[in-house]
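Since the structure comes first, as structure tokens, the remarks are kept for the end.
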Amino acid sequence: MEQGIFDMKFLYIICLLLFLMTALPVESLAYGPNDNLLKAISLFRSEQYSEALDLFYQELAKNPTDTNIMGWIAGTLEMLGQYEDALNIENQILATDLSYSEDLDDKLELLLKMGRYNEALDVSDQQIAMLGGDGFSRPRTIFLRGKTLSLLGRYNEALGFFDSLIRDGSLKGESLEQKALIMEKLGQDYEALDLSNSQLTPSISDTIHTSTAPINLLPDLTITKISMKQKENVIAGTLTIENKGSGDAGKFTITYFLTDTLKYDPIFGNNDIFVLGEDSANGLAVGDQRDSKDTKMFTIPGNVSPGSYAVGVFIDSNNVEEESDEENNVVYDISWVQVG
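Numbering (our numbering), first residue to last: 76 to 415.
Quick look at the structure:
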């Protein structure tokens, strides 16, 4: 019996020694082999950016081609306000692989913060071309394009993107904020304090110019639903138009078009569009909707070059109706069609 107890104690001591021998180096692996990286990330999330940056650079020295670490460095530099250095890091990442869509977004944001709007638009053009039919599956990419166009003063085009995001429910709050800013720049007094609303409405000062002037009741035509599908060389779909203004709308024209660059400008015109066809509405009373009773079908024109195209719709394309908001008449379907 005593021998058995001795054997058990001996076995226990041996196991304890083996455990201690293997446990000795564990201190250096307390958080795994990338302890510095984990610590750097923790510092970053604690807003200790300078300390985090030192550790990130230490890790990058060990792994010079690690794009994940490079991304953390770019983000840290951005938080420190070192935009030019952050941009250089993003360019290094993209030089490794141009398909990093998130890094293209990051680069675009940096350019906007640096006030380099034309360069930002070039990056956005590149992104839209690369994403093709998946463009609207990346709301941040679409949002940044709208913001870039807005900063360049191309408000009509920007509103098309923001309206698409609002309608789709993606980045809705941010898009409503941007839309409110555009309305303010255009001189229209919009009540944008409650950004939970799906549609910004004109304030009373937008319709009553003076205390003695008559109320100017104007319609506001906008597309609330759109669905366009492709089958071979035919595009078919439906849409819902609503009058969200304070006055009735008379007869107006609806133009359907294809665009490969999403740069359609109904005021100045653009050569990058291909008109599919037109439709007309006899009018729309305040608060009423016009749903497509029949599916609209259009044949893709033969002069359209092969590529990816968005379907756009322009209501009141002949600009017959005076509206309280003339900037929300162009929208794009969230899916793309392929030609060729």
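Note that CB positions come from ideal geometry on N, CA and C, so glycine has one too.
Under the three-state reduction of DSSP, M145 is assigned to helix. With respect to the C-alpha of Y132, the residue from T151, S121, S117 having the closest C-alpha is T151. Assigned with DSSP and collapsed to three states, K371 falls in strand.
Residue environment analysis places T374 among the exposed positions, since fewer than 16 neighbouring C-beta atoms fall within 10 angstroms of its C-beta. The Cβ-Cβ distance between D295 and G320 falls below 8 Å. The residue from V309, N143, G415, P381 with its alpha-carbon nearest to that of L351 is V309.
The C-beta separation of I348 from F332 comes to about 5 Å, placing the pair in contact by the 8 Å criterion. Residue state for S302 is assigned as strand, using DSSP reduced to three classes. Of the candidates T370, Q123, W147, the residue whose Cα lies closest to the Cα of L112 is W147. According to the DSSP secondary-structure assignment, F389 is paired through a beta bridge with T330, V405. About 15 Å separates the CB atoms of A170 and A161; that is not less than 8 Å, and the two are not in contact. Taken atom to atom, the span from the alpha-carbon of L219 to that of E184 is near 7 Å. Per the DSSP secondary-structure output, R365 pairs in a beta bridge with I316. Across the set L240, D197, N231, the C-alpha of L240 shows the shortest separation from the C-alpha of R213. Per DSSP, the continuous alpha helix (DSSP H) segment holding G221 begins and ends at 214-226.
For S383, the pairing in a beta bridge is given by DSSP as Q413. Look at G377 here: in three-state DSSP terms it is coil, with no helix or strand label. G362 counts as exposed, since fewer than 16 other C-beta atoms from the protein chains shown sit within 10 angstroms of its C-beta.
Within the same chain, Cβ atoms closer than 6 Å to the Cβ of Q202 are found at L179, T216, the five residues on either side in sequence being excluded. For L351, there is no enclosing alpha helix (DSSP H); the residue is found in the beta strand (DSSP E) stretching over 348-356. E165: member of the alpha helix (DSSP H) spanning 158-171, first to last residue. The shortest C-alpha to C-alpha distance from Y192 to any of G387, N163, R229 is the one to R229.
Inter-residue distance for G156 and K222 is about 20 Å (C-alpha atoms, whole angstroms).
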